[in-house]
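Residue numbering for the sequence shown is 42 to 487, as defined by the working numbering.
Note that beta-carbon positions come from the ideal geometry of N, C-alpha and C, so glycine has one too.
No experiment lies behind these values; they were computed from the predicted model shown.
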Amino acid sequence: MKIGIIGTGYVGLVHGAVLSSYGFAVTCMDVDAEKIGRLSEGRSPLYEPGLDELLTGGIDAGTLSFTTSAEEAIQSSDVIFIAVGTPSREDGSADLSYVREATRQIGLYANGYKVVVCKSTMPVGTCRSIAGELNRSLEARHASFRIDVASNPEFLRQGKAVSDSLFPLRVVIGTESDEAKRMLQTIYEGHIRRKVPFLYTNPETAEMIKYASNAFLAVKISFVNELALLSEKVGANIEDIAFGMGLDDRISPHFLQAGPGYGGSCFPKDTQALVDVSRKHGEELYIVRAAIAANEKQKARMVAKISGALSPGGMLHGKTIAVWGLSFKPETDDIRNAPSYDIIDGLLAKGAAVNAYCPQGMKQAKRLWTDINGGINYCESEADSARNADAIVIVTEWEQFRACGWERIAASMRGGFLFDLRNMFAEQAGVRRLFDYYAVGSNEPA
Ligand code: UGA
């Protein structure tokens, strides 16, 4: 069976590389010629642990190839995964123009029976509308074959994308076509053998499972962040609260880590899109809306927490703040909707000078944060950013921050504040004692 992937973002690229490692012939297509050129040489456009090895392995084995030609990718494949972006529009709705273009090209170039699999996160109803559009194209071409469609949402996390793809917690397949189901079962044979749970359902349900999962996780994070706010006021400790809650396996300990708010290319976009779809159907999703609002408040609250501690009036003129961690989470260079952006923007607005350091995110920040870049001094290391600074703010919990030479760093600073927005050092008296230490969700003295 030959596989085509349209779109080489996180989902498409990782999925294609993983399928090629199973021995399938995979052709990945993207309109970005520069990206395809790099990929053909085995150079990944994104930082994702384990991906480079898979890419070079697939290219060397001859199972993975790249093209800018939609015609080639479509015609050479039995199964075509649509994995293009579905970014947010201004009004929060999902922009489906890349999905529509991929559908148009499949309708135009398909040269025989194909299974089209919707892998991108698509609002409920999209998969069925793709099927309708493809049918119309084939009818117009008087084609003698059909195309079946399935929704097969992706649940991988950035930073763990390769291992999540190789070892998923579940596989959801939404289709009314037995042939599509059979072909996907062949592709995921290894998962079936390893007894990964499979859920077969209709396309609408599959699409909703994806949005519901992301929205639920976002709700969990906003919930714990709200409790963190209250904990600071009443003298409780959010880390212990989350631990205590998580001991109940109906709640589970996961996604109860208080912090500066969720970010990334998925939760902000998908929660907005779910609210948008519900409105189009005359419904209000109050809980999801509240999670979004609480997340915005959380980011603003981080700025208020820092400025309130550093200066009684809250203004930060003359203060230098080292911000550590720009990517929205560790082990990725992705800065899309990263809380660091809002926090830096807020600090700059209060007059602070910002020294930024991130193990992977600085290249993207320099390229994309054109509106705030004038105020950011990008630094080579943790130590470089902290020198003569008044405060350090940890926004993303990169492991390397644990062993960055804290004694030396504290000694090189002008002020002595550490705002640990990920509670990395909440339990580490050795680091806490060096600073005026502020965590999220507790107000115990250092
Ligand atoms: C998320 C989901 O976890 C994946 O299952 C899903 O496939 C993916 O979106 C997607 O739709 O493509 P991802 O955005 O890579 O994955 O990252 P997460 O690990 O979920 O983290 C998202 C944000 O929540 C980060 O900013 C992270 O710092 C924050 N977070 C996470 C918390 O603040 N607290 C937590 O307890 C967990």
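Below 8 Å, enough C-beta pairs join the segment 184-198 and the segment 160-167 to call them touching: three or more.
Setting aside the 5 residues that flank it on each side, E89 is surrounded in the same chain by A202, each with a C-beta closer than 6 Å to its C-beta; the list follows chain order.
Residue pairing of Y478 in beta bridges, as defined by DSSP: L459. Minimum Cα-Cα distance from D383 among the listed residues L367, A394, T312, E372 corresponds to L367.
In the structure shown, the three-state DSSP call for A394 is strand. Inclusion of L105 and Y51 in the CB contact set at 8 Å is not warranted, their separation being larger than that value. With a threshold of 7 Å, the Cβ atom of T162 counts as near the ligand UGA, since some heavy atom of the ligand is closer than that.
Counting only runs of at least 4 residues, the segment 285-368 fully encloses the following alpha helix (DSSP H) elements, listed from N- to C-terminal order: 308-321, 327-351.
Restricting attention to beta strand (DSSP E) runs no shorter than 3 residues, the segment 78-124 encloses them at 105-108, 120-123, ordered along the chain. Ranked by Cα distance from G354, the first of G323, R320, K391 is K391. M70 is positioned such that its CB atom lies closer than 8 Å to that of A114. About 5 Å separates the CB atoms of A406 and I376; that is less than 8 Å, so the two are in contact. The C-alpha of A470 is placed about 45 Å away from the C-alpha of T127.
Taking 8 Å as the cut-off, the Cβ atoms of P400 and Q441 count as close. DSSP lists T68, I121 as the bridge partner or partners of G45.
Positions of the beta strand (DSSP E) runs, each at least 3 residues long and wholly inside the segment 210-258, are given as 212-215, 239-242 in order along the chain.
At a cut-off of 7 Å, the beta-carbon of L197 counts as near the ligand UGA: some heavy atom of the ligand is closer than that. Spanning the alpha carbons of Y398 and L271 requires a straight line of approximately 30 Å. When the five nearest sequence neighbours on each side are left out, the beta carbons in the same chain lying within less than 8 Å of the beta carbon of R145 are those of E174, S178, in order along the chain.
In this structure, L462 is the residue among V260, K310, L462, K236 with its C-alpha nearest to the C-alpha of I347. In summary, E324 is exposed, with fewer than 16 beta-carbon neighbours lying within 10 Å of its beta-carbon over all protein chains present. For Y419, the enclosing beta strand (DSSP E) starts and ends at 417-419. The alpha-carbon of L389 is positioned some 14 Å away from that of A432. Taking the Cβ atoms as the reference, F369 lies roughly 4 Å from G305, within the contact range of under 8 Å.
Excluding five sequence positions before and after S118, the CB atoms of its chain that fall closer than 8 Å to its own CB belong to K43, I44, G45, T68, K155, given in chain order.
For I376, the secondary structure class from DSSP, reduced to helix, strand or coil, is coil. In its chain, beyond the 5 residues on either side, M286 have a beta carbon closer than 6 Å to the beta carbon of I292.
Beta bridge pairing from DSSP links A135 with S129.
Less than 8 Å divides the Cβ of K404 from the Cβ of D374. In this structure, the ligand UGA has no non-hydrogen atom nearer than 7 Å to the beta-carbon of D425. Among the bridge pairs identified by DSSP, A191 is matched with V158.
Between the C-alpha atoms of G200 and Y150 there is a straight-line separation of about 35 Å.
Collapsing the DSSP output to three states places V436 in coil. When the five nearest sequence neighbours on each side are left out, the beta carbons in the same chain lying within less than 6 Å of the beta carbon of A467 are those of E280, A480, in order along the chain. Y63 carries a coil assignment under DSSP once its states are collapsed to helix, strand and coil. By the Cβ neighbour-count rule, K310 is buried, with 16 or more other Cβ atoms within 10 Å of its own.
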